[in-house]
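These notes concern the structure reproduced below.
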Amino acid sequence: MIELIHLRKEYDELVAVQDLNLIIPQGEIFGLIGPNGAGKTTTIRMACGLLAPTTGRALVNGVDVAEEPERAQLAIGYLSDFFAVYEDLKVWEYLDYFAHAYKVPESEIPARLTEVIGQVSLEVKRDAMIRGLSRGMKQRLGIARAIIHRPKILLLDEPASGLDPKARLELRNLLRTLRDQGTTILISSHILTELEGFCTSIGIMEKGRMVRSGRIEEVTAAEHLARDFRVNWLGDAQAALEAKFAGHGHISNLQFSAGTATFQLAGSDDDAAVLLAELVAAGIRVKAFAEVKQTVEDLYMKLSRHEVM
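In structure tokens:
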């Protein structure tokens, strides 16, 4: 649904994005992460056709955004990191205006307005003037505007900015719902916790380059990074575990606490299965043995420590 081919953007001597290649399939929520100045916003603006690349191409839903901009825009919902609203309009008037701009059929607009206003929890502000909305409410209104025409592709640049914790949770739930309906979402943030728990894939940008991209487990495997595990047991088995783990070349950061051991294993699923079998064979009554799923922040920090960044 989104394909970026050798994208490059130059501003005089500054290279904001260099030779970026990315494919995002339908139904993905792709989290674009990296520090401020990494090139995230420039990438998203080129993807939606607001910024012409110096070289390269951007395709959405199979359409080249430079060659057929109007056709491409009908498939795109876009929310910039800083956006303006028409403060002399009411909430419903603002959304009605954009529904017409996006050519939503006239007969569908009233029901669609009610639907999106409910999705972003602005029901009580439907008839309020936009100038009186808080920053967080204006952010919700911007999200409603971006999805008013049911776009196949949603591009969100720092969408949680200004939202309180409850609104951020509602945003996550909304994005999951849109994904389940087939929408492909590209979302950027430099705050890693904002992307946790709902992104299906991630891309890590630094100084205009995409240094790693893919599903979290795929990126972890490709980098041969250590994975976090936890094991629980019955009885007094700590000494036996310590002896079993001692000198094990693939295990590091072993820690014990009240019948639980946590450690990092640099290996595959087969290696983990072999280790579990060895513990059981040694007479240790294992109650639970599982990988602790990595967060986006965990992966980012591990890649940073491995000097990928």
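Residue 310 in this note's numbering sits at position 97 of the sequence shown; the count goes up by one each step and never skips.
We put the beta carbon where it would ideally sit given N, CA and C, even for glycine.
N-terminal and C-terminal residue of the beta strand (DSSP E) that residue i is part of
i, result
"R425", "R422 to G427"
"F442", "R440 to L447"
"I242", "I242 to I246"
"I464", "I464 to F469"
"E200", "Nothing in the structure corresponds to residue 200, since the chain is present only between 214 and 522."
"L376", "Looking at the DSSP string, L376 is not in any beta strand (DSSP E), and its letter there is neither H nor E."
"I236", "L227 to I237"
Within 8 Å, strictly: CB atoms of residue i and residue j
i, j, result
"I497", "L454", "yes"
"A271", "A288", "no"
"L245", "T255", "no"
"M418", "K253", "yes"
"L408", "S414", "no"
"A229", "G416", "no"
"W446", "V493", "no"
"G269", "I218", "yes"
"A439", "L478", "yes"
"I356", "V333", "yes"
Residues that residue i bridges to, as DSSP identifies them
i, result
"T397", "I366"
"D277", "L272"
"A501", "N445"
"G416", "L245 and S426"
"G290", "L367"
"T475", "R443 and Q468"
Per-residue burial, residue i [other beta carbons within 10 Å of its own, 16 or more giving buried]
i, result
"H461", "exposed"
"A265", "exposed"
"H313", "exposed"
"E241", "buried"
"S481", "exposed"
"E520", "With a pLDDT of only 42 at E520, under the threshold of 50, the placement of this residue in the model should not be trusted, and no figure is reported."
"D483", "exposed"
"H362", "buried"
"K222", "buried"
"G331", "exposed"
"P323", "exposed"
"G395", "exposed"
"Q286", "buried"
"D449", "exposed"
"I404", "exposed"
Boundaries (first-last residue) of the alpha helix (DSSP H) holding residue i
i, result
"K457", "Q451 to F458"
"R353", "R348 to I360"
"Q332", "I322 to Q332"
"R221", "Careful: R221 lies outside any alpha helix (DSSP H), inside the beta strand (DSSP E) at I215 to Y224."
"T255", "K253 to A260"
"D340", "It is not in any alpha helix (DSSP H) - D340 carries neither H nor E in the DSSP assignment."
"A486", "D482 to A494"
Cβ-Cβ separation, residue j to residue i (assumed contact under 8 Å), whole Å
i, j, result
"G290", "I360", "5 Å"
"D441", "E504", "7 Å"
"F458", "F469", "Their Cβ separation, rounded to whole angstroms, is 10 Å, which puts F458 and F469 out of contact at 8 Å."
"A501", "V444", "7 Å"
"Y307", "Y299", "6 Å"
"G375", "G410", "Actually they are not in contact, since the Cβ atoms of G375 and G410 sit about 20 Å apart, beyond 8 Å."
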